[in-house]
């Protein structure tokens, strides 16, 4: 093969990947739900399942969840997807940049028959910054801005 053909094939491949990535990002942006919208749904007691996708190591420094959330680390999704109701809206959150884990999971869940899926815009960090309620295994976490929220038993992080 000539170098020109190989270079042309490489350019075509990269262009195709670029277009697919743009489409992927666009689709995910449209599907996101804002923390305020989720809080309103929870306050109105709408049937919404909230799923915390954080890995156990990510949970240790921030051992709390959005109230009522079920914890299913992303790596356990294949084994535990039956815990997610198929007949209601599902909101996913993580602490990844650009909600990466939530976005990837939102694409994967329809394979399991879960179709009404929305990543939480800004993830847990934005939820916390807005002062929305959190809970831990020890009960509700007092409402506070991000810099003063710490471990439920140990209190605020003294380094912040």
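In this note's numbering, the protein residues as written are 11 to 170.
Every residue, glycine too, gets a C-beta built ideally from N, C-alpha and C.
Item to complete: Report the option in 98, 127, 88, 30 whose CA atom is closest to the CA atom of residue 112.
Response: Each of 98, 127, 88, 30 was checked against the Cα of residue 112, and the nearest Cα belongs to 127.
Worksheet item: For residue 81, which beta-bridge partners are listed by DSSP?
Response: Among the bridge pairs identified by DSSP, residue 81 is matched with 62.
Worksheet item: Exposed or buried, which one is residue 26 when buried takes at least 16 other CB atoms within 10 Å?
Response: Under this definition residue 26 is an exposed residue.
Fill in: Anticipated Cβ contact below 8 Å, residue 94 with residue 100, distance rounded
A Cβ-Cβ separation of about 6 Å places residue 94 in contact with residue 100 under the 8 Å criterion.
Worksheet item: Which ranges would you report for the beta strand (DSSP E) in the stretch 102-147 if only whole runs of at least 3 residues count?
Response: Within the stretch 102-147, complete beta strand (DSSP E) segments of at least 3 residues are found at 127-129, 144-146, given in chain order.
Worksheet item: Looking at the unbroken beta strand (DSSP E) that takes in residue 71, where does it start and where does it end?
Response: According to the DSSP assignment, residue 71 belongs to no beta strand (DSSP E), since it is labelled neither H nor E.
Fill in: Per DSSP, cross-strand counterpart(s) of residue 43
130, per the DSSP bridge assignment.
Worksheet item: Is the distance from the Cβ of residue 145 to the Cβ of residue 129 below 8 Å?
Response: In this structure, residue 145 lies away from residue 129, with their beta-carbon atoms at least 8 Å apart.
Discussion item. Tell me the rounded alpha-carbon separation between residue 14 and residue 20.
Written reply: Cα-Cα distance, rounded: 10 Å.
Practice prompt. Measure the C-alpha to C-alpha separation of residue 91 and residue 77 and round it to an integer number of angstroms.
Written response: Between residue 91 and residue 77, the C-alpha separation is close to 20 Å.
Fill in: Three-state secondary structure assigned by DSSP to residue 99
Strand, per DSSP.
Discussion item. Tell me the residue span of the alpha helix (DSSP H) that contains residue 90.
Written reply: Per DSSP, residue 90 belongs to the alpha helix (DSSP H) from 87-90.
Worksheet item: How should residue 150 be labelled, buried or exposed, when 16 other C-beta atoms within 10 angstroms of its C-beta is the threshold for buried?
Response: Exposed, by the Cβ-count rule.
Discussion item. Considering only DSSP beta bridges, list what residue 151 is partnered with.
Written reply: For residue 151, which the question treats as bridged, DSSP gives the partners 144.
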